[in-house]
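Residue numbers for the sequence shown follow full-length UniProt numbering, so the first one is 1 and each next one is one higher.
The beta carbon of each residue, even a glycine, is placed where N, CA and C say it ideally should be.
If you're wondering where the values come from, they're calculated on a predicted model, not measured in any experiment.
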Amino acid sequence: LLAGAEMLGGPDPELAATMGFSGFGKKARTFDLEAMFEQTRRTAVERSRKVLEAREREKEDQSEKELRGPCVDPSASASSATGAGYTLTQRETASSESEDSSDEELTGPSVQSQTSAQGPPEVTDDDDDEFIGPPLPPGFKESDDDNDDDTEEEDNNPVKKIPDSHEITLQHGTKTVSALGLDPSGARLITGGYDYDVKFWDFAGMDSSLQAFRSLQPCECHQIKSLQYSSTGDVILVVSGNSQAKVLDRDGFPVMECIKGDQYIVDMTNTKGHTAMLNSGCWHPKIKEEFLTCSNDGTVRTWDVNNEKKHKSVFKPRSVQGKRVIPTTCTYSRDGKLIAAGCQDGSIQIWDRNMSVHTKFHCRQAHAPGTDTSCLTFSYDGTVLASRGGDDTLKIWDIRQFKKPLNSAERLPSFFPMTDCCFSPDDKILVTGTSVKKGGGSGKLFFFYRETFEKLYEIEVTDASVVRCLWHPKLNQIMVGTGNGLAKVYYDPVKSQRGAKLCVVKTKRKERQAETLTQDYIITPHALPMFREPRQRSTRKQLEKDRLDPMKSHKPEPPVAGPGRGGRVGTHGGTLSSYIVKNIALDKTDDSNPREAILRHAKEAEENPYWVAPAYAKTQPKTVFAEVEPEDDETDKPEWKKRKI
């Protein structure tokens, strides 16, 4: 290239300038890498020397201050520490200085002197990204201590962790909200109810009008029992009142449907699927393709999303006598190794996921026999199991000592077979809802301290039962489904993240008016002025123009009431056939004697033959009609001979 440039610029510079290569006349710049490396090395050595000097100066200043006591002016140390050489090494010294100052013991008679001793190296002109503006005031550390005090107080008082200062209400419908599901990230909420509907709510996409973006009926006319997102959030398990669970994708489109079993086979192990109504279901916490269902056919089955033809394994809960018993709820442990089921005989039975024959743990009298245990849930640490019974109790169990509950709360009415309980994100609080009869007060959300089962707090939700509750660990928001078709979201602007906070700040979108009178116009920017349509500046002016146009602003004719007017027929059915029938019914001509009706036109046909008579004029003989005989008097005839009219 250099040779070519010299050739262009050297022998004929005028040619090069003419062709636009005038720059080639100059010699190319060369770089000496060794010299550059040497220069860099020298700069680094000089810098490190200045850093060491600055540190030594700082240590000397600090030792002088300790000897002198609080009489020293803080600004003097700052100015001595930040010399001409020190300003060059801000980025390199910031981290080491802060470490040194934090490791040293605080000495001296007052807080003022301590902060002044530590202050200069930390609050000098540091990185632009970290410190902007004047030095921090001496009392800055004390404000941090106040925050620490607040957090300590919050730890001591768990009620302050409950995010209930604000709430929003999502109108699902008019019937019970029997299922709630939140995806792992907390972006979407799904609600299902006794009205067969499943509604999708997107917190980021909603505005303050709080409208669902999709509503569907995945199981036709079956009540929704349970909804849950998988561990990855890409599919949804739908458990309804039929015998086949469904899996939908995030947008509500079907992915798979479990097969229905043969109800005439006695041994449920030999059947490919459930044969009776489902009660509950949930996803495996670790394996994203596996889920669990339980049914009135007396089995708990695990399934694989990729195989809808047959279940993976079957667990059959048994009573004390070894008879079949119906599981009303089921769940996985947090690590996915155990499967727990609450049964109608009041027992809780737990299996190892890989061994379906014998139970690993069981408690025969966990709740009252004949009641539906509506919920089982494991704590986040995996050591405790909470159960919500149909006998109006809430109990927690240590599954290693399963004979007796750790704690129990009573007089918590439950009228629904899916009343929930859940743990708080920090595992210290247990939450459940209560049911009420119509007009019997308000449904409440109760918060119990896990260790002592002391009732910490209660929220009056609405004048109907509280069925579902869900405390999302990432959002730190509480979702509640009620018996009157509402889904409420409780949150705190400070303690909660995203979720409901995203949609309440968005203003309600204005509904666009349907502009029926305005017509679309074609924009042709390069057309000649005589052919170009004038561009509409505003729809209001166009509407005013259209109002003056008699064709566009013509009022449609109202439907005719009564017999009709102005040449329009009255609406008797509104069809041509009804109009004809109506006129036929009004015809008063007497056609009782057909002979007379025909002969009425005989004279006119003879005088003005038009259709048939001219064709037979030469061959047709003269027509002779029979004389009309007088009708016999029928009064003398017997009754059975008289003509029936």
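> Going by C-alpha distance, which of Arg41, Thr393 and Arg400 is nearest Pro413?
Replying inline: Residue mapping note: residue 413 aligns to position 413 of the sequence shown, counting from 1. Closest by alpha carbon: Thr393.
> Residues bridged to Tyr491 by DSSP?
Replying inline: On the sequence shown, position 491 is the one that residue 491 refers to. For Tyr491, which the question treats as bridged, DSSP gives the partners His166.
>> As a quick exercise: from Gly346, Val461, Glu289 and Val177, pick the residue whose alpha carbon is nearest that of Leu237.
In response: Against the sequence shown, residue 237 aligns to sequence position 237. Its Cα nearest to that of Leu237, the residue Glu289 stands out among Gly346, Val461, Glu289 and Val177.
>> Taking the alpha carbon of Asn296 as the reference point, which residue from Glu257, Ile287, Gln321 and Ala341 has its own alpha carbon closest?
In response: Walking along the sequence shown from the start, residue 296 turns up at place 296. Answer by Cα proximity: Ala341.
>> Using C-beta distances below 8 Å, list every residue in its chain close to Ser185, excluding the 5 sequence neighbours before and after it, in chain order.
In response: Taking the first residue of the sequence shown as position 1, residue 185 is located at position 185. Cβ within range, chain order: Gly233 and Lys474.
> Does the distance from the CB of Leu170 to the CB of Leu470 come in under 8 Å?
Replying inline: Taking the first residue of the sequence shown as position 1, residue 170 is located at position 170. Taking the first residue of the sequence shown as position 1, residue 470 is located at position 470. Taking 8 Å as the Cβ cut-off, Leu170 and Leu470 do not qualify as a contacting pair.
> At which residue ranges does the UniProt repeat "WD" (271–313) contain complete beta strand (DSSP E) runs of 3 or more residues, listed in the order of the chain?
Replying inline: Whole beta strand (DSSP E) segments, 3+ residues: 278–283, 290–295 and 300–304.
> Leaving out five residues before and five after His367 in sequence, what residues of the same chain have Cβ atoms less than 6 Å from its Cβ?
Replying inline: Here residue 367 refers to the residue found at position 367 when the sequence shown is read from its first residue. Gly346, Thr373, Gly389 and Asp391.
> Trp351: which of Cys375, Val300, Ile396 and Trp397 sits nearest, CA to CA?
Replying inline: Sequence index remark: in the sequence shown, residue 351 carries index 351 (1-based). Of the listed residues, the one whose Cα sits closest to Trp351 is Val300.
> Which word fits Pro163, buried or exposed, when buried means at least 16 other C-beta atoms lie within 10 angstroms of its C-beta?
Replying inline: The residue you call residue 163 lines up with position 163 of the sequence shown. When all chains shown are included, Pro163 counts as buried.
>> Less than 8 Å between C-beta atoms, sequence neighbours within five positions excluded: which residues of the same chain meet that for Phe213?
In response: The count along the sequence shown starts at 1 and reaches residue 213 at position 213. Cβ within range, chain order: Phe200, Trp201, Asp202, Gly205 and Met206.
> Is the CB-CB distance between Ala613 and Ala602 below 8 Å?
Replying inline: As a working mapping, residue 613 is identified with position 613 in the sequence shown. As a working mapping, residue 602 is identified with position 602 in the sequence shown. Against a cut-off of 8 Å, the Cβ pair of Ala602 and Ala613 comes out as no contact.
> Under a Cβ-count criterion, where at least 16 other Cβ atoms within 10 Å of its own Cβ denotes burial, should Thr419 be classed as buried or exposed?
Replying inline: Taking the sequence shown and counting its residues from 1, one reaches residue 419 at position 419. By the 10 Å Cβ count, Thr419 comes out buried.
>> For the pair the region 396–414 and the region 353–366, tell me if three or more CB-CB distances fall below 8 Å.
In response: yes
> From what residue to what residue does the beta strand (DSSP E) around Asp546 run?
Replying inline: Here residue 546 refers to the residue found at position 546 when the sequence shown is read from its first residue. First-last for Asp546: Thr539 to Leu548, but that is the alpha helix (DSSP H), not the beta strand (DSSP E).
> Which runs of the alpha helix (DSSP H), 4 residues or longer, sit entirely within the region 383–464?
Replying inline: Within the region 383–464, no run of alpha helix (DSSP H) reaches 4 residues while sitting entirely inside it.
> Can you name, in chain order, every residue of its own chain whose Cβ lies under 6 Å from the Cβ of Pro638, other than the five neighbours on each side?
Replying inline: Counted from its first residue, the sequence shown places residue 638 at position 638. Here the set comprises nothing.
> Taking one C-beta from the region 303–312 and one from the region 326–333 each time, how about it: are there three or more such pairs within less than 8 Å?
Replying inline: Touching, no, given that fewer than three Cβ pairs across the two stretches are closer than 8 Å.
>> DSSP three-state label for Gln39, please.
In response: For the purposes of this step, residue 39 is identified with residue 39 of the sequence shown, where counting begins at 1. Helix.
> Roughly how many whole angstroms lie between the Cα atoms of Val624 and Trp611?
Replying inline: In the sequence shown, residue 624 corresponds to position 624, counting from 1. In the sequence shown, residue 611 corresponds to position 611, counting from 1. In a straight line, the C-alpha of Val624 is about 20 Å away from that of Trp611.
> Applying the criterion that 16 or more other CB atoms from any shown protein chain within 10 Å of the CB defines a buried residue, is Phe447 buried or exposed?
Replying inline: As a first step, residue 447 must be located in the sequence shown, where it is residue number 447. Under this definition Phe447 is a buried residue.
>> Can you list, in chain order, the residues of its chain with a C-beta nearer than 6 Å to that of Asn407? Leave out the 5 residues immediately preceding and following it.
In response: Within the sequence shown, residue 407 is the residue found at index 407, counting from 1. Excluding sequence neighbours, Asn407 sits near Ile396 and Phe453.
> Per DSSP, Gln477 is paired with what?
Replying inline: Sequence index remark: in the sequence shown, residue 477 carries index 477 (1-based). Paired residues: His472.
>> Between Asp251, Val480 and Pro417, which has its C-alpha nearest Gly241's C-alpha?
In response: Here residue 241 refers to the residue found at position 241 of the sequence shown. Per the Cα distances, Pro417.
> Quick one, which of Asn307, Thr371, Pro594 and Val504 has its alpha-carbon nearest Glu167's?
Replying inline: For the purposes of this step, residue 167 is taken as the residue at position 167 of the sequence shown. Closest option to Glu167, Cα to Cα, is Val504.
> Going by other Cβ atoms of all chains shown within 10 Å of its Cβ, with 16 needed for buried, is Trp640 buried or exposed?
Replying inline: Mapped onto the sequence shown, residue 640 falls at position 640. Flag for Trp640 reads exposed.
> Tell me which same chain residues have a C-beta within less than 8 Å of the C-beta of Lys312, skipping the five on either side of it?
Replying inline: The residue labelled residue 312 in the question sits at position 312 within the sequence shown. Glu290, Arg301, Thr302, Trp303 and Asp304, listed in sequence order.
>> Using the three-state DSSP reduction, which class does Met268 fall into: helix, strand or coil?
In response: Along the sequence shown, read from residue 1 onward, the residue named residue 268 stands at position 268. Helix.
> So the alpha helix (DSSP H) Val504 belongs to, where does it begin and stop?
Replying inline: The residue you call residue 504 lines up with position 504 of the sequence shown. Per DSSP, Val504 belongs to the alpha helix (DSSP H) from Ala500 to Val504.
> At least one CB of chain B closer than 8 Å to the CB of Leu394: is that the case?
Replying inline: Absent from the structure: chain B. Only one protein chain is present.
> Along the chain, where does the alpha helix (DSSP H) that runs through Ile190 open and close?
Replying inline: Taking the sequence shown and counting its residues from 1, one reaches residue 190 at position 190. Element bounds for Ile190: not the alpha helix (DSSP H) but the beta strand (DSSP E), Arg188 to Gly193.
>> For a test of the three-state rule: what should DSSP assign to Arg324, helix, strand or coil?
In response: What you label residue 324 is simply residue 324 of the sequence shown in a count that begins at 1. Residue state, collapsed to three classes: strand.
> Which stretch, first to last residue, makes up the alpha helix (DSSP H) that contains Arg595?
Replying inline: Reading the sequence shown from its first residue, position 595 is the one you call residue 595. Start and end: Pro594 to Leu599.
>> Using C-beta distances below 7 Å, list every residue in its chain close to Ser356, excluding the 5 sequence neighbours before and after it, in chain order.
In response: For the purposes of this step, residue 356 is taken as the residue at position 356 of the sequence shown. The residues are Ser313, Val314 and Phe315.
>> So the candidates are Met277, Thr293 and Ala276; which of them puts its Cα closest to the Cα of Trp283?
In response: Reading the sequence shown from its first residue, position 283 is the one you call residue 283. Of the listed residues, the one whose Cα sits closest to Trp283 is Thr293.
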